[in-house]
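So the structure is just underneath, and the comments pick up after that.
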Amino acid sequence: MTAILERRESTSLWGRFCNWITSTENRLYIGWFGVLMIPTLLTATSVFIIAFIAAPPVDIDGIREPVSGSLLYGNNIISGAIIPTSAAIGLHFYPIWEAASVDEWLYNGGPYELIVLHFLLGVACYMGREWELSFRLGMRPWIAVAYSAPVAAATAVFLIYPIGQGSFSDGMPLGISGTFNFMIVFQAEHNILMHPFHMLGVAGV
């Protein structure tokens, strides 16, 4: 009899959690996508702040010439950036436990890959959360559809382009000057502004 009561209490607790997660009466809707969105975006944000302030130089080109991007290594808010993962790593999945030490992981730009992959998963979940909320409110999904444009753009520069180039080192640096440098180099190498698909994408947005 005791076991039955405990099971009912456990089910009731899970049921209350499900109701709370999916309730549209909360000040901020969480939803099932939010259960994944919150930890991934918190992880990406936390690592970004720490790395932007204190990350050591990264050997982005894989030629033993590290590039510094953090504030403690001589940069300011404008020039600072999270330097992309080293070309020596290429497209390999590079979590902390794959490196021989944390120093090696930092030297090869591990934080960039960690931030980017968590960020992309987080913003995709945010889009799913928008759809989920509109579904529960009986609305049409056009807010989520509109948000899919910047999600696609972020996925293009942080994931698709590096895959096409064969290395995460070709991804967009996470900083102001790094972003502009990426745009200038991208235009110089690929003439993207004259590409019909880019024109269609801009027109679609």
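UniProt numbering numbers the first residue of the sequence shown as 1 and each following residue consecutively. No residue lacks a Cβ here, since even glycine has one placed at the ideal position from N, Cα and C.
Contact between I21 and W32 is confirmed by a C-beta separation of about 6 Å, below the 8 Å threshold.
The bridge partners DSSP lists for A81 are G175. Cα atoms of P95 and V157: separation of roughly 20 Å, rounded to the nearest angstrom. Beta-bridge partners assigned by DSSP to V58: V67.
Sorting Y29, R16 and H195 by C-alpha distance to the C-alpha of S134 places Y29 at the top. As the crow flies, the alpha-carbon of G171 is around 24 Å from that of A203.
A buried status is given to R129, since no fewer than 16 other beta-carbon atoms sit within 10 Å of its beta-carbon.
The alpha helix (DSSP H) runs of length 4 or more contained entirely in the segment 126-192 are, from start to end of the chain, 142-155, 161-165 and 176-190.
Secondary structure note for L200: its alpha helix (DSSP H) is the uninterrupted segment P196 to G204.
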